[in-house]
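Residue numbers (the working numbering), protein chains in the order written: chain A, 10 to 810; chain B, 143 to 622; chain C, 41 to 246.
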Amino acid sequence: MTATEPTEATTGIPFTLNGKAMEAKPGEMLIDACERNGEHIPRFCYHPRMKPVGMCRMCLVEVDTGRGPGLQPSCMLTVSPDMVVNTESESTKQAQDGILELTLINHPLDCPVCDKGGECPLQDNAYSYGPGESRFVEEKRHYEKPIPISDLVYLDRERCILCDRCTRFADEVAGDPLIHFMDRGAQTQVNTFPDHPFSSYFSGNTVQICPVGALTAQPYRFKARPWDLAEIESTSTVDSTGARIVLQSSGDRLVRVLGVDSEAVNWSWLSDKDRFGYEANDSENRLTDAMIDNGEGLEPARWTDAARKVATALAAGPDRTGVIGGARLPLEGQYAWAKLLRQHAQIQNIDAQLGDGLPAQVMAGLPKATIAEATAAGGVVVLLGVDAKEELPSLFLRLRHAAVEDGASLIELTPRTTGLAPHAAVSAHPVPGTVGTVVAALADGNLDQAVGGVEPATLSAMADLLGSDRPVTIVVGRGNLAESADFTVDALAAFARLVPSARYLSGLRRGNVHGALAMGLSPGAVDGLDTEGILRGAATGKIDTIVLLGADPLADFPDRALAERALERVDNIIAVDTFLTESGENADVVLPAAGFGEVDGSFVNLEGRLSPLQAKVTPPGQARADWMIAAEVAAATGSDLGFISLEELRADLSASVSDFASVDWDGLATSDDGPVVVTTGDAPDFGDPVVAPSSDGYGLRLVVDRKLWDLGTMVQQSPSLANLPAEATLALSPSDFSGLGITDGTDVTVETRAGSFTVPARADAGVPKGAAHIPFRLPGFDAGSLIDAGVAISEIRVTVG
Amino acid sequence: MSANGSHTNDYVEYAPGYVDNEGPKIVTSRFGYEDSHTLERSLSTGGYDGLKAALKKNPAEIAQEVKDAVLLGRGGAGFPAGIKWGFMPPVWPRYLVVNGDESEPGTYKDRLLMERDPHQLIEGCLIACYALGLNQCFLYVRGEMAQAQENIAQALNDAYAAGYCGKNILGTDVGIDVVLHWGAGAYIVGEETALIESLEGNRGMPRLKPPFFPAAKGVYMKPTIVNNVETLANLPWLMVNGADEYKKYGSEKSPGTRMLAISGHVKRPGVYEVEQGVVSFRDLFYGENYAQGIKDDNELKAFVPGGGSAPWFFGDQLDIKIEASEVGPAGSMLGSGAIMVMDETTDIVKAALRLVRFYARESCGKCTPCREGTSWEEKVLQRINDGLGRPEDIDLLIDIGKNISPGTYPVASFGDEELDAVPFPPKQTTICPLGPSSVAPITSAIRRFRGEFEAKIGASALPESRPGGETSIDALEVDA
Amino acid sequence: MSRLSPANEAIAKELLSHYPRAKSALIPMLHLAQEQDGYVANDAMEHIAELIGVTPAEVMGTCTFYEMFVLHPVGKYKIDICTNLSCQLLGAEELLHHAEEKLGIRAGGTTDDGLFTLEDVECIAACTEAPCLQVNYRYELRLEHSDFDKMVDDLRSGKRKDIPDHGTLAKVRQHITADREAGITPPETTGTPAWFTSRLPAEENA
């Protein structure tokens, strides 16, 4: 049972529906109770994931609560005992007929050229319940059509039937009320404020829930007819939330992604990255051939030659080989590669995280919470480091809902302000290097003195919430790439003392990273190097071969300079990927992998929940499934992974990894939410607290985090998304900024041990004093050039001129 | 203070529109004074005596007094204020909102009460707040009423300074803030849930009741009482004189007086304070103390008994007494006390169009039937009035009306056509009554004066042989 | 045109102080913007959005619902002639046509000199004094056509000092001084006012 279901005694409420005795759940809306009992009531404005508004009047039905029958909107009426409902009465039918006639009078009859045609609730309702002809002979309403309301969404106001779905979504669900009803009466229209577009991360949801063709998504406009679409259910791999989706294709091309209402995960909502990132599949830059560099640059090669070359490199010696990446792969590919690397090649230096995550053994040992548990009514949720809106947008919507609607209290304990700040009960932004001491102060009851810039009042407010008897969930991520993960580990250690009953939700953000960790794509317990260790080893000549499993350390490892030194020095680079990344361009062998929507497989989300990845289109060129690539490399070494089909692989996986022993693989594709399979591991070893080096006094501690729209491959290879990233600026606290005596947007000089850089700066009240914030991988400035992975906290000096 | 008038001039210069009919004066007693809006005049004529009397009793007694007096709401629905107050659950905070967004066509009495005697209203607010145990009241005045806003703002500033309002009222521990708020032009905001939305800074779109009964979930989703200006203006007198004295005026079911605005084709239009249930429409139209007859001694054709939303009455209804319990069963409503008189010279199609256009313009746009239906009705009526009507348009108008207000629409009887009255109110497919209100003039006019519609259609330059129902608008335009 | 002036921003903040929820002050603040510029400028809406903590789209959504707010400059004097039923019965349409001829504009238009905007409006609550109109929300009652002409001439020649420029409503504002304020009641507060509890009869206090 999930948290949103009633927990009261669930005695049914008896009511009569079209003469038959039925039962409703306590508090259930009539429209839902009828639907569950097999009677569909037509509707436009009602959406089960939003508050009813009762505008369209399409769902009027005849209801008698003892005072005689009358028409009532079934979307706003909870079923009461002995209610008599008639959805087939003459008055119901007349109302439906009348409402449809009125809904249609101003609606243009441009269905033949409308993207919604064929899957349009207005068409369907008109067909099933409508009058069949119009008596309206007057001039219809006219508007300029269509108008872009953002880079991604177009609005045709003539088609709009004013159901308030998009505007309610923007306000209630996304918290971005940038579209609104304007004007009044028959002139009412949805619109934006001039020069304030609907630039929400969630704008595409409005297109999905529009009951007519008023809102269309720029990437899909005029791309396909609904009846030509083939579809399959899958899981979004854009981030680790694992939003459930439907993939739709036409002519062997992905043309649309829709959200699926998974009660456990995404409640039907998607971020625009989940929704439109499929465009990257069709990029002309996709890898289609195996390639080998024989001294004159990468050239297409035969698979067998490439596989043999990989096999040779892997055989060079496990200590001198490092494997980076794996979070992009489906679970089955992760298992096959893990088996190949660990069992066949005896390699210990494996890391699916790129120095931007948290230690695998710590994360595995934290008592797990599901999303539903974390967002349950009345809970306390600590956001430790994580900026859910930027990194895990589907999770953000659930957390936001918990805070806004369900009385959950959020504690924002992050390096700077996050997207959940408006809904946080307490916000604390310790300067880099102090989050562990802040939580330790809470655990030790030292609330009288400011710690890490966090004032005593804030400490007390946090302590009060954490000390109440409300359930506590800690969502933990890596909030700052310029600060050692050890500080977050210290905070976790202190939380374990402070709230022993707390449960944890991983905020590691990258795709299928939890699958990768479950399959063992993490540094071996004994002497295994993590990504930083591998790169440092390569840079110093101790590692000869680096395998990049869908990883691009030049772009994604926080310390750009170290990654450059490593890839320059190392002998062999093997890249398995869907695109030729900047790191991949340095490779000796490149193997093209099938991407999202091109292979069957499975996904493990941040809860440890298993869900299906399904193929809808064929991979380009010679690209193939990751597990097949692993099997071929194994074959080239003369060994055998022990499976030649996905079914055999899964059987092998179930037999080897205990959490997966009882997985019903065949049933996965049809299960509603997918089972949580990954269990909590051994208690984590938090190690000793690190001591933050004292600041030299006039340096600022660097905060580098992620934005949803960045220079990442998926965004950049999706034409509709590529221009969405903002230019990088350096943000300082207003007091630090005012000391510079400049205005917002002025260039400043940033000095690090590595050199001197120029970047525009601005004041930001969400940045703590003594810190400087700049997002990772944005156009205009590479924040990775400021980070030194060799120190616990990267510091910079900012001067003008 | 007596309910008998202290001045006798019939047209009051300082309160244009108000006519002193020499009857009892419960709410208009100061209207004859030029300075009736000042604190000084108020205090010299018994102002705030009601508040003083109230503060000596406990709040529950005040609420009971209001209940005993059967003080009917004067905004339109006519619901007893004491019973409405009783619907409030024991939940705090709670708010009082004064509905001064008077905009029903034909209505104006609240404007005069606000402009001419703001202290009486403020005193009424304070008494209500005291009875309900709440300490913040919002006085929502229609946006277009600049003078009323100005007089109330000045009155509030004076009342605060003199200790009648705000902290420690009259030296007691009672503290009540009265905040002047004002609208910006939207008829629908007179509907109480829309008024609450507007007060919250939103578009004035009504909320569905249930679940949003203001008494339980009103302003900021907290218990809220919305009372009309005139209703509250009765409280000072009621506090000083008591329920028994109050019930000596008016009828048993409708005690006290009402402010009635009589406009249109009468000889002496004006706003009168009239005892409820005592005076008939005939008295009002023809009586010497009232409107003194139809303009130019013409014949009465029809009249609207309770604001633009009310189904029309005709000569047959002249002897009905003016009280809600009589008017409702007769097929209309007393509503906001606005009576509009149409004489024999009236162009009925035009009159209906004018009212329907109002509802089309003022529809908030929330419910499909009202948003689309009212503007469709207006377009068809406009076409008929412009001589572009089709024979089927008359039934089409009735049919569009049924989409907004299903079933038989309330209508008055008229003996010569053997039609029985259908009692008020109408059914509705909408959240609020605005949409159904647009059906009132159409139904009333077509039922009684169908011939005038047919005449306009017949007079249009259309081919007579045109088969009904198949002619498109394009064909009409070619022919025209 | 512009954001709220410092003086008007101070008034806006006083308005905010009257309400438990900031957005309740939105309509009065929009009137303030209209008083400042004669219409509600986009910059003013953005400024108001900042003061209230909502998006400009939300401000505009409310603003455009109410017909008193105009988003573009109008005449210094906005003449609103009521043509609803009571007035129509007594010659309002004829008055409107006369006004159109006198001013040389259609209803909805503004004279070239920017002095007058003419509107055909709904009931303005002076029905017994038909036909009637408002100039910048000040009443003129029982108008003969000659009365209208005189009114326009007087406005033109500056004789009507009683009519402020378009945008100004009440010339007096409510001020609640700190020493007299009972205190706004946020919806989050709980508990009954002490004066109420202490005055209820004993049995209701139980």
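Heads up, the beta-carbon is just placed ideally off N, CA and C, and yes, glycines get one too.
Just so you know, these numbers come straight off a predicted model, no measurement behind them.
The beta carbon of D580/A lies closer than 7 Å to those of D553, T554 in the same chain, with the five residues before and after it left out. Taken atom to atom, the span from the alpha-carbon of A273/B to that of G192/B is near 13 Å.
Across the set P226/C, A139/C, G144/C, Y177/C, the C-alpha of A139/C shows the shortest separation from the C-alpha of D187/C. By the rule that beta-carbons nearer than 9 Å mark a contact, M64/A touches chain B. Three or more beta-carbon pairs separated by less than 8 Å link the stretch 153-170 of chain B to the stretch 256-276 of chain B, which places the two stretches in contact. For P231/B, the CB contacts under 7 Å within the same chain, skipping 5 residues up- and downstream, are A358, P365 in chain order. Beta-carbon to beta-carbon, V269/A and E288/A are separated by about 20 Å, too far to satisfy the 8 Å threshold. Contacts between T426/A and chain C, judged by CB atoms closer than 8 Å, are missing: the closest CB pair is about 15 Å apart. For T314/B, the nearest CB of chain C lies under 9 Å from its own CB, placing it at the interface with that chain. Counting along the chain, D73/A sits inside the beta strand (DSSP E) bounded by residues 69-73.
Only exposed fits W236/A, as fewer than 16 other CB atoms lie within 10 angstroms of its CB.
One thing to note: L600/A has its Cβ no nearer than 9 Å to the Cβ of S611/A. Here the alpha carbons of Y229/A and C129/A stand approximately 15 Å from one another. Nearest C-alpha to L255/B among Q289/B, N277/B, D425/B, M381/B: Q289/B.
Under the DSSP assignment, Y551/B falls outside any alpha helix (DSSP H); it carries neither an H nor an E label. When rounded, the separation of the alpha-carbon atoms in C65/A and G708/A is 59 Å. Nearest to E514/B by alpha-carbon distance, out of T571/B, V483/B, E486/B, M482/B, is T571/B. For D537/B, the uninterrupted alpha helix (DSSP H) segment begins and ends at 534-546. Nearest to I638/A by alpha-carbon distance, out of V686/A, L338/A, K625/A, Y55/A, is L338/A. Under the DSSP assignment, N82/C falls in the alpha helix (DSSP H) whose first and last residues are 82-92.
Restricting attention to beta strand (DSSP E) runs no shorter than 3 residues, the stretch 713-770 of chain A encloses them at 739-741, 756-761, ordered along the chain.
For a Cβ distance threshold of 8 Å, nothing in chain A lies close to F109/C: the least Cβ distance comes to about 11 Å. Scanning its chain for C-beta atoms nearer than 6 Å, with the 5 sequence neighbours on each side dropped, one finds around S515/A the residues M372, L615, in chain order.
The beta-carbon of R193/A is placed less than 9 Å from the nearest beta-carbon of chain B. In this structure, V62/A sits away from T96/A, with a CB-CB distance that is not shorter than 9 Å. Neighbourhood of E246/B in chain A, by CB distance below 9 Å: empty, with the nearest CB roughly 17 Å away. The way I'd put it, the stretch 791-806 of chain A doesn't touch the stretch 450-462 of chain A; fewer than three beta-carbon pairs between them come closer than 8 Å. Going by DSSP, I311/B is part of no beta strand (DSSP E) at all; its letter is neither H nor E. Nearest C-alpha to P204/C among L111/C, Y106/C, P46/C, Y117/C: Y117/C.
Burial state of M363/B is exposed, judged by a 10 Å Cβ sphere holding fewer than 16 other Cβ atoms.
Residues of the stretch 500-519 of chain B that bring their beta carbon within less than 8 Å of a beta carbon in chain A comprise A502, R503, E504, S505, C506, G507, K508, C509, T510, P511, R513, E514, G515, T516, S517, W518, in sequence order.
Taking C-alpha positions only, C43/A is separated from P51/A by approximately 11 Å. Under the Cβ criterion (8 Å, minimum of three pairs), the stretch 272-282 of chain A counts as touching the stretch 202-211 of chain A.
The beta carbons of G428/A and E399/A sit closer together than 9 Å. If you check each beta-carbon in the stretch 428-446 of chain B against every beta-carbon of chain C, the ones closer than 9 Å belong to K437, V446.
The beta carbon of F190/A falls within 9 Å of a beta carbon belonging to chain C, placing the residue at that interface.
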